[in-house]
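Line by line, the protein sequences are chains D and S. To convert, count from 1 in the first sequence and add 12; that's my numbering. To convert, count from 1 in the second sequence and add 49; that's my numbering. What follows is a short report on a single structure.
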Amino acid sequence: MSLDRLIEECKKNDAKAQSQLYKLYGSKLFSLSLKYSRNYAEAEDNLQEAFVTIFRKIDQYKHAGSFEGWMKRITINTALQCYRSVGVFDIINEDQIEDVTVDLDEDAISMDFLLQIIQGLPDRYRLVFNLYVLDDYSHKEIAEMLSITTGTSKSNLARARVILKDKIEHYKTSPNSQIL
Amino acid sequence: MGDKKHIDRLFQEKLKDFEVAPVDAVWDRIHDELHKDKRKRRLVPIWWKVAGVAAILALMFTIVDPLNWGAFNINPNNGIVDTKKNSSKDSSDDTIENNDLNSNQSTSSSQKNKIITSQSVVEESSAKNVETQTRDQITESQKKSYQSQTVHQYLNAGQESKSDVVTIDQIKTSDNSPAKNSSHNKASDVTANKAVAANSKPSKVADVVNGIPQNNAIIKTTQAEKSSTDLEALQNKEQLLEIDKLIQSSQTNSNTTIAKAANTETNLKETKPVVDEQTIEDAIAESTQIEEQEEEKFNRWNVSPNVAPVYFNSLGKGSSLDDQFVDNEKTGSVNMSYGINGSYAVSNRIKIRTGINRVDLGYSTSDVIVYQAAGRVSGGNALNTSGHISLNSENQNTNLLSAKNVNFANAPEILNTTEQVNINQQLGYIEVPMEMEYSLVNARFGLNVIGGFSTLFLNKNEIYSQTDGIDTQIGEANNINDLSYSANFGFGINYSFSEKIKLNVEPTFKYQINTFNDTSGDFQPFFIGVYTGFSYKF
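The structure is reproduced here in structure tokens:
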């Protein structure tokens with residue numbers, strides 16, 4: 013079944029088609045959720061909410077632009093909504109910080125570790141880092157999405173980088189110690 | 050050791066192919082959430098069917114049950130009704146009795162030549178015996194001997210001028226008769242009356258008692274009495290002479306004895322009904338109970354035509370028309386509902402009611418720009434003109450736009466020049482309620498609570514644009530279910546003009562369920578009606 017056909021079936025609220033679509037994109041959107049969430053359980057909740065939204069609004073998808081991108085946006089928005097309502101953003105100094113580079117032995121760093129340290133970031137740092145670095149949003153877009161200024165977005169990103177760098181370096185010196 | 054690398058690159062490269070499959074439970078939850086609505090919607094009709102079946106069963110049982118009582122009560126019922134007739138004769142007492150006596154005088158006068166005074170004495174005594182016999186249930190043979198004994202006793206007692214019964218005869222005869230024969234006759238007249246009275250009473254007692262199957266023995270006693278009186282009449286004839294003597298000797302008695310006699314006479318009359326009264330009371334009590342039951346049976350059904358102004362609105366903020374109208378101001382309109390309801394009283398306090406009503410509902414959405422344009426016009430944020438509205442053929446090019454969403458500064462000219470109007474959605478339903486009414490106060494002024502459900506069948510679905518009071522139909526909504534429901538709750542106040550006619554005023558809140566298959570925002574329709582009408586009790 014082609015993707016378009018599958019989408020059409022999903023628009024009819026067909027359970028089989030929905031299940032198939034989930035099988036196709038579940039993993040991708042779950043990993044996305046994992047990056048934006050604090051932990052595994054939260055990511056599961058986010059994925060669930062995102063897919064419910066996707067299926068409920070699928071008739072609004074007009075085949076303009078990539079379907080995957082559309083679903084990713086919904087997943088990210090779902091994650092953002094969660095933190096928007098929590099309101100845990102702390103007031104921070106918006107000074108610019110220099111670009112951060114790390115010495116690395118790439119093989120020594122696992123994906124799981126990277127995910128772990130991303131999840132360990134303070135909520136807004138994590139969101140900004142994810143949006144900017146991993147999902148290619150501009151600071152302007154991020155500022156709109158999170159109702160912050162671009163300055164704040166940039167500052168948050170820089171701080172996130174510093175934290176991540178520290179953790180990676182700490183991990184390299186004692187890879188078996190507990191990180192978080 | 051590798052190269053120095055920008056941290057962003059590290060994450061981008063490492064996490065590029067990062068993919069983790071979620072556990073299956075997540076999909077189950079998603080599936081449940083997506084399809085729980087469907088289940089809910091399905092649940093409602095199933096619930097309804099069950100409720101309907103239950104209501105019908107309840108109705109059937111309440112109708113069938115009285116029939117069962119009827120089967121139970123038919124025999125005792127008939128018996129009691131008979132006794133009631135008899136007992137009413139008795140209980141209407143003295144006057145009727147006197148009438149009886151008078152009417153019986155003539156019949157008894159034909160007998161008097163044969164049986165003369167002794168008969169009366171015998172009969173009176175036997176009447177007394179009947180009383181004692183009914184209590185003691187003496188057998189026939191015993192009774193015969195007993196009766197004859199008492200006759201003798203009475204006669205003897207009469208000689209000793211102790212027996213009241215005898216003195217009655219004595220006095221009456223002494224009053225009226227200078228000559229023996231005529232005195233016999235007249236005495237027999239009076240005494241015959243008494244005899245009749247005496248006879249009539251036990252026979253009535255017997256009649257009354259017939260109704261209650263226990264006391265068959267009494268019937269026997271009355272039969273026995275008759276035979277015994279015949280026997281005794283013969284015996285008494287022999288003693289006639291003695292009685293004559295007695296009468297002569299008692300001629301000198303004073304008026305005070307008359308009074309005494311009168312007393313004893315009344316005593317006799319009164320003592321006999323005592324037996325009757327007990328049975329009469331029972332009979333009356335039972336028969337009135339039956340009457341009440343019958344009355345209830347006939348008064349269970351009620352019919353009430355009613356009319357109500359109904360106000361329609363939504364509990365939540367939302368729109369049944371389109372996403373863009375969620376924030377627009379909405380005004381519920383007041384329409385009319387009329388119909389006829391029937392109710393069945395399950396008990397004094399609980400009624401089940403159903404009926405059929407016509408309901409018109411409507412509400413208007415303000416600040417809407419309606420304009421004619423082929424194709425789409427840019428400038429508004431949400432130009433989804435169709436929404437949940439299917440435009441009719443004349444208005445295919447009509448566009449609806451919420452003024453709230455338009456940035457007039459850079460909107461096309463057409464939007465600035467177009468007037469903002471109200472969009473009026475009109476719905477009509479045939480409503481079939483199934484409600485229960487519980488009365489809190491059951492007097493001339495009544496108060497009751499009403500709860501239940503209605504099934505609503507859509508019969509009108511129109512959308513108008515409203516400009517300066519002129520309505521133009523532009524189409525219909527395409528998200529309204531043909532079949533929907535409402536949960537009803539209300540209070541009823543009624544005033545009884547008579548047993549049969551009541552004025553009812555019932556403010557009722559009806560929360561609509563399953564009205565729309567898709568709404569924007571949180572649109573929870575309800576309507577409030579003040580149902581007013583007269584109810585007629587059958």
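We put the beta carbon where it would ideally sit given N, CA and C, even for glycine. Please read all numbers here as calculations on a predicted model, not as lab measurements.
{"Item": "DSSP state of Y360(S), grouped into three classes?", "Value": "strand"}
{"Item": "Quick one: what's got a C-beta closer than 7 Å to L15(D)'s C-beta in the same chain, skipping five residues either side?", "Value": "F79"}
{"Item": "Going by DSSP in three states, S78(D) sits in which element: helix, strand or coil?", "Value": "coil"}
{"Item": "I want to verify the contact list: residues of chain S whose CB lies under 9 Å from the CB of S167(D), in sequence order.", "Value": "The premise fails here: S167(D) is roughly 16 Å from chain S at the closest Cβ pair, so nothing lies under 9 Å."}
{"Item": "Can you pull the DSSP bridge partners for N580(S)?", "Value": "Note on residue identity: the sequence assigns Tyr, not Asn, to residue 580(S). DSSP lists E555(S) as partners of Y580(S)."}
{"Item": "Going by DSSP, which residues form a beta bridge with E484(S)?", "Value": "R402(S) and G501(S)"}
{"Item": "What residues in the stretch 19-44 of chain D have a beta carbon less than 8 Å from any beta carbon of chain S?", "Value": "N25, A27, Q30, S31, Y34, G38, S39, K40, F42 and S43"}
{"Item": "Should K551(S) go down as buried or exposed, given a rule of 16 or more other Cβ atoms within 10 Å for buried?", "Value": "buried"}
{"Item": "For K69(D), decide whether its Cβ has a neighbour in chain S, counting only Cβ atoms nearer than 8 Å.", "Value": "no"}
{"Item": "Answer yes or no: does any C-beta atom of chain S fall closer than 8 Å to that of M123(D)?", "Value": "yes"}
{"Item": "Among N406(S), A492(S) and P358(S), which residue has its Cα nearest to the Cα of N384(S)?", "Value": "P358(S)"}
{"Item": "Find out if the Cβ-Cβ distance for the pair T504(S), I529(S) is shorter than 8 Å.", "Value": "no"}
{"Item": "Contact criterion: CB-CB distance below 8 Å. Does Q373(S) meet it with respect to chain D?", "Value": "no"}
{"Item": "Could you name the residues of the same chain whose beta carbon sits closer than 6 Å to that of N390(S), not counting the 5 residues immediately before and after it, in chain order?", "Value": "S353, R402 and G404"}
{"Item": "Name the DSSP beta bridge partners of P574(S), please?", "Value": "S363(S)"}
{"Item": "What residues in the stretch 134-157 of chain D bring their beta carbon closer than 7 Å to a beta carbon of chain S?", "Value": "V145 and L146"}
{"Item": "Within the same chain, show all residues whose beta-carbon is closer than 6 Å to that of E61(D), passing over the 5 residues directly before and after it, in chain order.", "Value": "T90"}
{"Item": "For G381(S) versus N362(S), is the C-beta distance shorter than 8 Å?", "Value": "yes"}
{"Item": "Rounding to the nearest angstrom, what Cα-Cα distance links I154(D) and V408(S) in this structure?", "Value": "52 Å"}
{"Item": "Around the C-beta of S165(D), are 16 or more other C-beta atoms found within 10 angstroms, so that it is buried, or is it exposed?", "Value": "buried"}
{"Item": "How many angstroms separate the CA atom of Y4(D) from the CA atom of N51(D)?", "Value": "The requested residue 4(D) is not part of the displayed model; chain D covers only 13 to 192."}
{"Item": "How is the alpha helix (DSSP H) around I19(D) delimited, first residue to last?", "Value": "L15 to K23"}
{"Item": "State the Cα-Cα distance for the pair F506(S) and L133(D), rounded to the nearest angstrom.", "Value": "57 Å"}
{"Item": "Suppose you measure from the CA of K559(S) to the CA of G477(S); what does that come to, to the nearest Å?", "Value": "15 Å"}
{"Item": "Within 7 Å: the Cβ of I529(S) and any heavy atom of the ligand SAM?", "Value": "Summarising the ligand content, the structure contains no ligands, and the ligand SAM is consequently not present."}
{"Item": "So what does L450(S) bridge to, in DSSP terms?", "Value": "I418(S)"}
{"Item": "Take N471(S) as the anchor and find which of K400(S), Y420(S) and V356(S) has the nearest alpha-carbon.", "Value": "Y420(S)"}
{"Item": "Looking at C-alpha atoms only, which residue of N566(S), R398(S) and S533(S) is the closest neighbour of S369(S)?", "Value": "N566(S)"}
{"Item": "Does the distance from the CB of S533(S) to the CB of Q561(S) come in under 8 Å?", "Value": "yes"}
{"Item": "On the three-pair Cβ rule with 8 Å, is the stretch 165-177 of chain D touching the stretch 67-85 of chain S?", "Value": "no"}
{"Item": "Is the separation between the beta-carbon of S45(D) and that of N58(D) shorter than 8 Å?", "Value": "yes"}
{"Item": "What is the rounded straight-line gap between the Cα of G501(S) and the Cα of N397(S)?", "Value": "19 Å"}
{"Item": "Does chain S have any CB closer than 8 Å to the CB of Q198(D)?", "Value": "Look at the range of chain D in this structure, 13 to 192, and you will see that residue 198(D) is not part of it."}
{"Item": "Rounded to whole angstroms, what's the CA-CA distance from K47(D) to K85(S)? Just pull it up for me.", "Value": "29 Å"}
{"Item": "Check each candidate in T414(S), Y360(S) and A526(S) and name the one with the smallest Cα separation from E378(S).", "Value": "T414(S)"}
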